[in-house]
């Protein structure tokens, strides 16, 4: 197939899902929680379609299920749906609680960023003024010492995460799974030698390795 027909980014893959499975995937209105294990169903339906890879579908699903609208749908709907829009299993209370928590954390971070934006802009402007003053003085041979000290610098909080001990890798254990650069909470549902199956709080099911699991 001509490589130009292949989907290039997550946005294109999401549009593909909206078109191929309109009863299941919604861009804005009508979003509902997805059936657990829906990736496998999608993989079977799109088998042979060279426009999109399974890896791209996984990435698109992660983005779709981490969206605010999707998380809100987990808290408001009783059932999950399959690719044809039919009711599947019930949404578990645990997933509702996790979705609510994820929404609270996400909104808190957004509010913090918005609150910090004007202050940061002011600090940046002030710094530029000091830099201009320094340039003028240096041009005259005057030694310039920055007024910024370590105490003026914002303190960064440690976000250190701990790897999950091998003895804690068991069915029903709550964990954090590393997906790309993000850590997503989930519950182990199956341990098959090196392959570990985890249902994420969003309802998505993933297969991973021990080194990608961390303590909640």
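Residue numbers (the UniProt record's numbering): 1 to 216. Just so it is clear, CB atoms sit at the ideal spot from N, CA and C, and this is done for glycine as well.
Secondary structure of residue 145, DSSP reduced to three states
For residue 145, the predicted model reports a pLDDT of 46, less than 50, meaning its position is unreliable; a value from the coordinates is still stated below. Correct three-state label for residue 145: coil.
If you measure between the beta carbons of residue 208 and residue 195, is that distance less than 9 Å?
Closer than 9 Å, so yes.
Taking 9 Å as the CB-CB cut-off, is residue 104 touching chain E?
Checking the listed chains, one finds no chain E in this structure; it contains a single protein chain.
Tell me the DSSP secondary structure of residue 46 in three-state form.
coil
Measure the alpha-carbon distance for residue 73 versus residue 172 and round it to whole angstroms.
24 Å
Taking 8 Å as the cut-off, does the segment 75 to 83 touch the segment 30 to 50 (at least 3 CB pairs, one atom from each stretch)?
yes
Could you tell me the alpha carbon to alpha carbon distance between residue 8 and residue 42, rounded to whole angstroms?
18 Å
For residue 179, which of 200, 169, 168 and 170 has the nearest alpha-carbon?
200
Touching by the beta-carbon criterion (3+ pairs, under 8 Å), the segment 48 to 66 and the segment 88 to 100:
no
Tell me the rounded alpha-carbon separation between residue 148 and residue 117.
Below a pLDDT of 50, predicted positions are generally treated as unreliable, and residue 148, at 49, falls in that range; the measurement from the model is reported next regardless. If I take the Cα positions, the gap works out to 20 Å.
Quick one: grab the DSSP three-state call for residue 192.
Here residue 192 sits in strand by DSSP.
When you compare the CB positions of residue 216 and residue 175, do they come within less than 9 Å of one another, or not?
yes
Beta-carbon proximity check, residue 96 vs residue 57, cutoff 9 Å:
no
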